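These protein sequence lines map, in sequence, to chains A and B. With our numbering, the residue at position 15 of the first sequence is 15, and numbering never jumps. With our numbering, the residue at position 193 of the second sequence is 455, and numbering never jumps. What follows is one structure encoded as structure tokens, with my remarks underneath.
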Amino acid sequence: MFEELLEDIAQKNGLREVNTYLKLATGLGAIILCLLSTSYLPPLVIALVLTGSILLLARVDAKTYAGLFIVPVWFALFSVAGIILISGGQEVFWRWNPFSWLSLSITRESINSGFLVFCRVMGGMSAMCFIALTTPMTDIFIVLRRCGIPDIILDLAMIIYRTIFIIMDQVKQIHAAQVMRLGYSTVRESIYSFASMSGAVFIASWDAGDDLIRAMDARCYDGKFALLGETRPVEYMPLAATTVFLALSCAVVIFSGDITLI
Amino acid sequence: MSSIILEARDIRYRYPRGMEAVCGISFHIRKGEKIALVGPNGAGKSTLLMMLNGMIRPDSGMLLFDNEPIRYDTTSLRMLRKRVGFVLQNPDRQIIAPTVYQDVAFGPTNLGYHETDVKEAVALALRHVGLEGFERRPPHQLSGGEKKRVAIAGVLAMDPDVLVFDEPTGGLDPSGSEDIMELLDELNHEGKTVIISTHDVELAYPWADRAILLLAGTILREDVPEVAFGDPEFVRTAHLSLPTLLELYIELQKRGFPLPEKKPLTVLDMMHIIEPLFQTTCSQAGPGTITVCNVDKDNREALSAWLLARPKLPVGAMGTRAKQRASSEHIPLDFTYGVIDKCILKALLGDDTLILTTESMVERVYMRVDAYSKESGIHITVNLVAPTTGRATDESGRQP
């Protein structure tokens, strides 16, 4: 399943051993710069650089990476179409008033702002993907603890993370058992099967909760969750690469100013 | 005889609104014993095991640990659970944390160890089960056997005296099962008392010091495996099957062959029984020698030179570190389970063999071979690969 796939890629990617802070700084910095930028150019540059590093440095399969973009790109295209048609402007290329209360128009300004939004989505998505594909959740837990997130929230998060995969396994098994007995052959049957699967998984997770408490008790649980292992040291090359990337991106944001598409 | 570590006196337990799972059981377990609780599904094995570390409190009767009655207040239970480690059948239910390191560190952290001690305990436990370098891996990416090892490491990190395993080989492939059983042997050899529950008779029969046959919450029989499994009638009542070796022995006996009193536990024992019947020993050229290599000593070069001089020599590995060493040096292994016996069998055929093993197990090879030599009257020489010279030196004085 998809979530497992992402986490699996993150566990094995080429940038796995790079310091987590550097990777997070790159991803979060890129997102902030995409939002600050008033021109379409910086988000595009960021998207290109990060995509390049995801494909070449982290060695993520290009097809998998492209697959991640399908849904957001469609979503972005519809939103951008809406922005272009609805937001007005001075220099009108095309106008249509189907009703007295609705006026659709395409203007220079609306095209520019639509394209800017689209580029921001692409830049932001690639930055998100960069974090998701290079930094496994287990490393992010370490950072979260350093950031002073309360232990109770983190402990819960870690148990939830661990449990997701166990419950997902059960979902897969029940789903397979239902498919084998033609549980999804008709719409009616599908609804029924899905409902019974949800019920079964709910009960199974309840059981898993009981077992979890028992397993913790058996190992002398005293309200403490194990301390987390240390992160990887900051190395010279990744530090330099991150600095150069963020500095260049800042420069592009500043110097591109208000450059617009048309 | 060593002292008693666990004792049950007429314990009973009934599940809420259910049937009586344990109906008046009494037994004792000595320090350093290997005990197999054998019985069909629903015999009360798991329930009984859960009582040993206080997870379930018996309705009546008394459980004693180290000759003290088990008390059920929080502090006493913590102490008990530190000393009696419990490994569940399903490792997914036992592994709590998102990474291997965190999971193994769970016990020591909760016992209040200092951070450096936790690290040390985790490193030691992972080394023990052969999972070094797995610290940062998430459990869901591991194979069934690896998960089982993580679960065992999690318990070992607390350094318990008694290890309780519910179906240790459940869901594992044959080679994975053999590895786990070998690990249990290794742990037992280091002085830990090991208790397992299983319905796999073939597995329990050669392994256990004592077997306890359970049926419907009562003890059907409690004895050394040859006796406990020796009566076909009992075994049938317990919904189990006779171990193949024992069945063969009984069949031979029925046909009027003169057999020794001692029943065979292993294939080696069986060979010892059968060979005189045919009055031919295959080892016309005299028995081969067994060479032992201690992988904990720095004898890398000596070993490879020694092996180079003897191509196609059958090699066995005992213990996790020995197996790791073999795989890191690309030494193909012929035996990974029941290694000593298989090497003696080879020696009887006149072939030489090599056993890679860890420091603590070297002595065991000598003991087993000596015991066999005494019993059978066939002398088999055991050598040690010398750490520096590369020549096998005969450990004289060990010959019976």
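From the three backbone atoms N, C-alpha and C, an ideal C-beta is built for every residue, glycine too. What you are looking at is a predicted structure, and each value in this text was computed from that prediction instead of being measured.
- Task: Scan the region 93 to 126 of chain A and note each continuous beta strand (DSSP E) run of 3 residues or more that stays entirely inside, going in chain order.
- Result: 102 to 107
| request: Sort Leu618(B), Ala387(B) and Thr460(B) by Cα distance to Leu502(B) and report the nearest one. | output: Thr460(B)
- Going straight from the alpha carbon of Val71(A) to that of Thr134(A), what length do you get? 21 Å
Check your understanding: What do you reckon, is the C-beta of Gly369(B) under 6 Å from a heavy atom of the ligand MN?
Key -> For the ligand MN, the structure offers nothing, since it holds no ligand at all.
_Tell me which residue opens and which closes the beta strand (DSSP E) that Gly392(B) is part of._
It is not in any beta strand (DSSP E) - Gly392(B) carries neither H nor E in the DSSP assignment.
- Message: Only counting the same chain, and skipping five residues up and downstream in sequence, which positions put a Cβ closer than 6 Å to that of His641(B)?
- Response: Ser635
| request: Just tell me which of Gly600(B), Asp471(B) and Cys555(B) has its CA closest to the CA of Val644(B). | output: Cys555(B)
Check your understanding: Under 9 Å Cβ-Cβ, which residues of chain B neighbour Gln349(A)?
Key -> Here chain A covers residues 1 to 262 and nothing more, so residue 349(A) does not appear.
Closer than 8 Å by beta-carbon distance: list the chain B residues that pair up with Cys220(A), in chain order. Arg340, Arg343, Lys344, Gly369, Asn372, Leu373 and Met420
Thinking just about the alpha-carbon of each residue, which of Gly492(B), Glu484(B), Ser405(B) and Pro487(B) is nearest to the one in Gly438(B)? Ser405(B)
Can you find the residues in the same chain that come closer than 7 Å, C-beta to C-beta, to Gly257(A), ignoring five residues on each side of it along the sequence? Ser39
Check your understanding: Are the C-beta atoms of Thr361(B) and some chain A residue less than 7 Å apart?
Key -> yes
If you follow the beta strand (DSSP E) that Cys34(A) is part of, which residue opens it and which one closes it? Here Cys34(A) belongs to no beta strand (DSSP E); instead the alpha helix (DSSP H) covers Thr20 to Leu36.
Notebook entry, point to check: Among residues of its own chain, excluding the 5 on either side of Ile512(B), which ones have a beta-carbon nearer than 6 Å to its beta-carbon?
Noted result: none
Compare the Cα-Cα distances from Leu22(A) to each of Ile254(A), Arg219(A), Val143(A) and Ala226(A) and report the closest residue.
-> Val143(A)
Notebook entry, point to check: Leaving out the 5 sequence neighbours to the left and right, which residues in its chain are closer than 7 Å to Ala584(B) when beta-carbon positions are compared?
Noted result: Val557, Leu618, Thr619 and Thr620
Roughly how far, in whole angstroms, is the beta-carbon of Thr480(B) from the beta-carbon of Gly280(B), given that I think they are within contact range, below 8 Å?
-> Contact flag wrong, Cβ pair sits at about 17 Å.
**Asked** Would you say Ala473(B) and Ala490(B) are within 7 Å of each other, going by their C-beta atoms?
**Response** yes
query: If you run the structure through DSSP and keep just helix, strand and coil, what is Pro331(B)?
result: strand
| field | Sequence ranges, beta strand (DSSP E) only - wholly within the region 410 to 445 of chain B, length at least 3 | value | 424 to 428
Take Val117(A) as the anchor and find which of Leu77(A), Pro233(A), Gly67(A) and Arg145(A) has the nearest alpha-carbon. Leu77(A)
Notebook entry, point to check: Is it the case that the Cβ atoms of Leu477(B) and Gly323(B) are separated by a distance below 7 Å?
Noted result: no
task = Give the secondary structure of Glu509(B) by DSSP, where H, G and I count as helix, E and B as strand, and everything else as coil.
result = helix
On the premise that Arg95(A) lies in contact with Ser103(A), defined as a C-beta separation below 8 Å, what is that separation, rounded to the nearest angstrom?
7 Å
Kindly indicate which three-state DSSP category Cys147(A) falls into: helix, strand or coil? coil
Residues within the region 146 to 158 of chain A neighbouring chain B, beta-carbon criterion of under 8 Å: Met158
Three or more C-beta pairs under 8 Å: does that hold for the region 596 to 615 of chain B against the region 427 to 446 of chain B? yes
- Just the chain A side, please: which residues come within less than 7 Å of Asp354(B) by C-beta, in chain order? Ile166
Buried or exposed (CB count within 10 angstroms, at least 16 for buried), Asp207(A): exposed
Between Met168(A) and His402(B), what straight-line distance do the alpha-carbon atoms span, to the nearest angstrom?
-> 11 Å
Original post:
With a cut-off of 7 Å, does the C-beta of Arg162(A) fall near any C-beta of chain B?
Top reply: yes
Check your understanding: Within this structure, are the beta carbons of Leu616(B) and Pro549(B) separated by less than 7 Å?
Key -> no
Pick from Ser100(A), Tyr65(A), Ile106(A) and Ala62(A): whose alpha carbon is nearest that of Ala81(A)? Ile106(A)
Check your understanding: Going along the chain, which unbroken runs of the beta strand (DSSP E) with 3 or more residues stay wholly within the region 574 to 628 of chain B?
Key -> 577 to 580 and 615 to 619
Q) Start and end of the alpha helix (DSSP H) containing His534(B)? A) Val529 to Phe540
Determine the extent of the beta strand (DSSP E) in which Ala283(B) is found, giving its start and end residues.
-> Glu282 to Arg292
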